[in-house]
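Quick notes on the structure that follows.
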Amino acid sequence: MTDLIALMADLEEYLGDPWDAGALMPYPRILAADEDQRYPHEFVDVLASWGLYDWIVPAANGGKAVNVEDGFNLYRLVGRRDPTSATAMVLTSLSYMPVWIAGSPEQRQHFADAIRGGRKLAWGLSERRHGSDVLANETTARRTDGGWLLNGEKWTIGNATVACTVMVHARTSDKGGPGGYSIFAVEKDCVPPGQLAHLPDEPLHGLRGLDMSGVRLTDCFVPDSALVGRAGQGLEIALKSSQLARIAIASIAMACVDTALRSTLDFAGRRVIFGGTVAEVPYSRRQLAESFAELLIADALTTGAVRSLQLAPAQASVWSSVVKYFVPTLLEETLARLTTVLGARYYLRAHPRHGIFQKVLRDFAISNFADGNTVVNLKNIALQLDGLLASAVGQDPGEVARARAAVADLFDPARPMPPYEPAAQQLFSRAGDDSVLALRSAVGELRRAAETAGGRDAAWLAGCADTAGQLADEVHRLADEHAKLFADQGRAAGQSAELYDLAKQYSAVSAAAACVHLHLHGRDSLTPALRSPAVLLLCLERLLRRFHPTRRVTGPDDIDTVAGVLAEAHREGWLFSFRPYRVGW
Numbered sequence: 001m002t003d004l005i006a007l008m009a010d011l012e013e014y015l016g017d018p019w020d021a022g023a024l025m026p027y028p029r030i031l032a033a034d035e036d037q038r039y040p041h042e043f044v045d046v047l048a049s050w051g052l053y054d055w056i057v058p059a060a061n062g063g064k065a066v067n068v069e070d071g072f073n074l075y076r077l078v079g080r081r082d083p084t085s086a087t088a089m090v091l092t093s094l095s096y097m098p099v100w101i102a103g104s105p106e107q108r109q110h111f112a113d114a115i116r117g118g119r120k121l122a123w124g125l126s127e128r129r130h131g132s133d134v135l136a137n138e139t140t141a142r143r144t145d146g147g148w149l150l151n152g153e154k155w156t157i158g159n160a161t162v163a164c165t166v167m168v169h170a171r172t173s174d175k176g177g178p179g180g181y182s183i184f185a186v187e188k189d190c191v192p193p194g195q196l197a198h199l200p201d202e203p204l205h206g207l208r209g210l211d212m213s214g215v216r217l218t219d220c221f222v223p224d225s226a227l228v229g230r231a232g233q234g235l236e237i238a239l240k241s242s243q244l245a246r247i248a249i250a251s252i253a254m255a256c257v258d259t260a261l262r263s264t265l266d267f268a269g270r271r272v273i274f275g276g277t278v279a280e281v282p283y284s285r286r287q288l289a290e291s292f293a294e295l296l297i298a299d300a301l302t303t304g305a306v307r308s309l310q311l312a313p314a315q316a317s318v319w320s321s322v323v324k325y326f327v328p329t330l331l332e333e334t335l336a337r338l339t340t341v342l343g344a345r346y347y348l349r350a351h352p353r354h355g356i357f358q359k360v361l362r363d364f365a366i367s368n369f370a371d372g373n374t375v376v377n378l379k380n381i382a383l384q385l386d387g388l389l390a391s392a393v394g395q396d397p398g399e400v401a402r403a404r405a406a407v408a409d410l411f412d413p414a415r416p417m418p419p420y421e422p423a424a425q426q427l428f429s430r431a432g433d434d435s436v437l438a439l440r441s442a443v444g445e446l447r448r449a450a451e452t453a454g455g456r457d458a459a460w461l462a463g464c465a466d467t468a469g470q471l472a473d474e475v476h477r478l479a480d481e482h483a484k485l486f487a488d489q490g491r492a493a494g495q496s497a498e499l500y501d502l503a504k505q506y507s508a509v510s511a512a513a514a515c516v517h518l519h520l521h522g523r524d525s526l527t528p529a530l531r532s533p534a535v536l537l538l539c540l541e542r543l544l545r546r547f548h549p550t551r552r553v554t555g556p557d558d559i560d561t562v563a564g565v566l567a568e569a570h571r572e573g574w575l576f577s578f579r580p581y582r583v584g585w
């Protein structure tokens, strides 16, 4: 089992203090590259030299990727410095997924060696006219002697120009449909002249240095050996690949907010106004504590989601869509709150201390639409909502007992996991959602913990139980509204705005369940200060207020406690996470 804490500390030490101009990835050079819109070759090479690519290559093929959470958290560290570099490297990781899922042993090894040798990959899925509607893709692949002829365009594709290989999703049946697409590994060096052209790089609002371009294929010949998996398996492979992608992109979102919160804390602790620091102003103090709590909510939710890919692959479709919708949506609000605390300085591009804030604010936007936008992910949750709600409301004793055992593994980072096998992931969860199913039982555990605790912990735990209980009650309301919606609208309810609203609310309950389960089952792996039920209480309050915007369950003393935990984490150099990851700055 990887010592992830030591591994992350080693990467941080290798990269050095980002405020030190002589470090390997310092903010001044990162900001300069962003201003010049330069692809981060320099930083990608630095990270590759440390061995970061090894953590996206299966151990069976010479890499070190056994647990998904290792790579997830390493890229989260990189994203705190430069989301552009992190995204550039994640793109290669995600482009390898079709091969990992369905490729032949020879393909897996060939592209694993290519990645470890510093060659970049791109994932040619989207098209200009169709975006996320992959079943409308027009790029075609037709059989010919010894291989296939590809025709069409892929746009906008990350790494499309700098990559040596583009994994192309193409129509192989005139009828199209779920079985009408396949995936081909187009190795540019092997393509005859004139058959592949690069499309212009698209200037971006954030991630300015990223290669976001495309390819045009004109009777582009690829041999039979370029086909990944079976002909007609393309959609299945693409959807399974997207499950990891949707969770992985959350690491970039969390990294951006970690840096933004850290920058804001530096300002709030030094800026004196009206006779005291900004951090001492009760309103600002609460805003900072609430921002911290929201980042921790994302941390808890992604902890379960990342581990579910190995421990509950049958539920990957639910976990991945909940994370992809909820984490960017929640943290976008967090960033907006931090801009009000930081004030005008967040708008300054060249400020020696706060220039990085405006960069991560812009870069964060990629998490909202990459690998399936908000609507796509809400639709995926909505399509499964009937079964998810029925399971959670029904509370079948046998299923609840099974779910309780499952979440004990999911939310205890010390529990070992089987090696990651992405092909085992399912496209539709017939097993429900163990996290939400076990929430009601977890509320009972909180109540029992409150009865045996002493001092302030007893009151906090009782408050946590009450608040989590209210959130669990929302599941029954959601089930009632879901049934009424379909009774009133019939089949039209499946495309209704109201159904998408219910999917949003389900995601908030899922996030609450994750926070509770991590507190109950992962305590021994948490930073000691973050085991405080005061932290959990504020996290649950933030989620309850998504249903009841004016309801508060915390007071000034509770906020002071959480603000103290935040200040200690910042002062001692801990990542803003439940886990004790030392970052030093």
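So the sequence shown is numbered by UniProt numbering: it starts at 1 and just counts up by one. Backbone N, C-alpha and C fix where the C-beta goes; we use that ideal spot for every residue, glycine too.
Three-state secondary structure assigned by DSSP to residue i
{"i": "residue 223", "result": "strand"}
{"i": "residue 166", "result": "strand"}
{"i": "residue 581", "result": "coil"}
{"i": "residue 197", "result": "strand"}
{"i": "residue 217", "result": "strand"}
{"i": "residue 272", "result": "strand"}
{"i": "residue 143", "result": "strand"}
{"i": "residue 65", "result": "strand"}
{"i": "residue 19", "result": "coil"}
{"i": "residue 57", "result": "coil"}
{"i": "residue 364", "result": "coil"}
{"i": "residue 132", "result": "coil"}
{"i": "residue 485", "result": "helix"}
Residue burial classification, residue i (beta-carbon count within 10 angstroms, cutoff 16)
{"i": "residue 80", "result": "buried"}
{"i": "residue 251", "result": "buried"}
{"i": "residue 104", "result": "exposed"}
{"i": "residue 217", "result": "buried"}
{"i": "residue 270", "result": "exposed"}
{"i": "residue 290", "result": "buried"}
{"i": "residue 506", "result": "buried"}
{"i": "residue 533", "result": "buried"}
{"i": "residue 234", "result": "buried"}
{"i": "residue 517", "result": "buried"}
{"i": "residue 54", "result": "buried"}
{"i": "residue 465", "result": "buried"}
{"i": "residue 334", "result": "buried"}
{"i": "residue 585", "result": "exposed"}
{"i": "residue 193", "result": "exposed"}
{"i": "residue 202", "result": "exposed"}
{"i": "residue 69", "result": "buried"}
{"i": "residue 135", "result": "exposed"}
{"i": "residue 347", "result": "exposed"}
{"i": "residue 521", "result": "buried"}
{"i": "residue 282", "result": "exposed"}
{"i": "residue 324", "result": "buried"}
Sequence-distant residues of its chain with Cβ nearer than 8 Å to residue i (five each side left out)
{"i": "residue 479", "result": "389, 390, 392 and 393"}
Proximal residues to residue i (C-beta, below 6 Å), its chain only, five neighbours per side dropped
{"i": "residue 255", "result": "76, 79 and 80"}
{"i": "residue 107", "result": "99"}
{"i": "residue 458", "result": "450"}
{"i": "residue 566", "result": "292"}
{"i": "residue 264", "result": "338, 341 and 342"}
{"i": "residue 286", "result": "559"}
{"i": "residue 434", "result": "403, 406 and 407"}
Cβ separation of residue i and residue j, assumed to be a contact under 8 Å, to the nearest whole Å
{"i": "residue 215", "j": "residue 154", "result": "5 Å"}
{"i": "residue 96", "j": "residue 111", "result": "6 Å"}
{"i": "residue 147", "j": "residue 183", "result": "Contact doesn't hold; Cβ gap of about 14 Å is too wide."}
{"i": "residue 74", "j": "residue 8", "result": "7 Å"}
Neighbourhood of residue i by C-beta distance below 7 Å, restricted to the same chain and skipping five residues each side
{"i": "residue 568", "result": "529"}
{"i": "residue 266", "result": "353"}
{"i": "residue 551", "result": "544 and 545"}
{"i": "residue 209", "result": "33, 34, 37, 38, 39, 40 and 84"}
{"i": "residue 345", "result": "267, 351 and 354"}
{"i": "residue 172", "result": "141, 180, 181, 182, 231 and 232"}
{"i": "residue 222", "result": "147, 148, 150, 184 and 186"}
Using 8 Å as the cut-off, can you tell me whether the stretch 24 to 41 makes contact with the stretch 81 to 92, which would need three or more C-beta pairs spanning the two stretches below that distance?
yes
Would the stretch 272 to 289 and the stretch 109 to 121 be scored as touching if the rule is three or more Cβ pairs under 8 Å?
no
Touching or not, the stretch 193 to 201 and the stretch 170 to 180, by the rule of three or more beta carbon pairs under 8 Å?
Taking 8 Å as the limit for Cβ pairs, the verdict is that the stretch 170 to 180 does not touch the stretch 193 to 201.
Below 8 Å, how does it come out for the stretch 416 to 429 and the stretch 224 to 243: are there three or more Cβ pairs, yes or no?
Touching, per the Cβ criterion.
Would you check if the stretch 495 to 506 and the stretch 465 to 482 touch, i.e. whether three or more CB-CB distances between them fall below 8 Å?
yes
Stretch-stretch touch, CB-based, cutoff 8 Å, three pairs: the stretch 429 to 445 with the stretch 398 to 412
Verdict: yes, contact present.
Is it a yes or a no for the stretch 368 to 386 touching the stretch 482 to 500, going by three-plus beta-carbon pairs under 8 Å?
yes
Determine contact between the stretch 18 to 34 and the stretch 348 to 368, defined as no fewer than three beta-carbon pairs at a distance below 8 Å.
yes
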